[in-house]
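These notes concern the structure reproduced below.
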Amino acid sequence: MDSAEPTIVPTALSKRAARRIIQRAFVLAGRDRNVRQHIREAEVTSLWIIEDWHLAWTLLVRRGRVEFDRHPTRKPDLTLTWRTAEDFFKESEAGERGQERSEVTGNLALRRFIEPVWRAFGVSLGGLLRNPVDGSGDPLV
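1011 is the number of the first residue of the sequence shown in my numbering; add one for each residue after it.
This is how it looks when you write it as structure tokens:
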């Protein structure tokens, strides 16, 4: 097997396992120096939704920090919606947000703060799918 290929098929994960991996990938993305540089003056509350899995979470970008909240916010600045988990994972693998797989609503000018987080998230997610462990070495799935 090629080392670049994920060892876990994301759409085969349970919702709980997927949420844990997604959360961990956002934590790792928030530690990226390049991401922190781009969001140092940002104040964005975004709602992320995967419709077919009925998963929703809040991603807060606050002055250089990225915070993941498992509870959906009621007043997001931006809402990112994917119809299927497959679309979400395919788009994250590509590393760029694409209109063909997701829908973005709200204050679209704030997307510039979400884009670097999204790119770093894709890299982190790929690594976690190859080696699904947390910072302590405990398995995420």
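Each residue gets a CB set at the ideal place from its N, CA and C atoms; glycine is no exception.
Between the alpha carbons of I1049 and F1078, how many angstroms are there, rounded? In the sequence shown, the residue the question calls residue 1049 occupies position 39. In the sequence shown, the residue the question calls residue 1078 occupies position 68. Roughly 15 Å separates the two Cα atoms.
Bridge-paired residues (DSSP) for L1065: Looking up residue 1065 in the sequence shown gives position 55. Looking at the DSSP assignment, L1065 forms a beta bridge with I1060.
Classify D1062 as buried or exposed, calling it buried when 16 or more other Cβ atoms lie within 10 Å of its own Cβ. Along the sequence shown, read from residue 1 onward, the residue named residue 1062 stands at position 52. It counts as exposed.
For I1072, which beta-bridge partners are listed by DSSP? By 1-based counting over the sequence shown, the position of residue 1072 is 62. Sequence inspection shows Arg at residue 1072; the Ile mentioned does not correspond to that position. The partner list for R1072 (beta bridge, DSSP) reads E1053, R1075.
Between which two residues does the beta strand (DSSP E) harbouring S1112 extend? Here residue 1112 is taken as the residue at index 102 of the sequence shown, counted from 1. 1112-1116 is the extent of the beta strand (DSSP E) around S1112.
Let me know if L1139 comes out buried or exposed under the rule of 16 or more other beta-carbons within 10 Å of its beta-carbon. For the purposes of this step, residue 1139 is taken as the residue at position 129 of the sequence shown. Its Cβ being crowded by 16 or more others within 10 Å, L1139 is buried.
Can you grab the Cα-Cα spacing for the pair Q1109 / W1092, in whole Å? Translated into the one-based positions of the sequence shown, residue 1109 becomes position 99. Translated into the one-based positions of the sequence shown, residue 1092 becomes position 82. With a pLDDT of only 47 at Q1109, under 50, the local geometry of the prediction cannot be trusted, and the value read off the model is given with reservation. Q1109 and W1092: Cα-Cα distance of roughly 10 Å.
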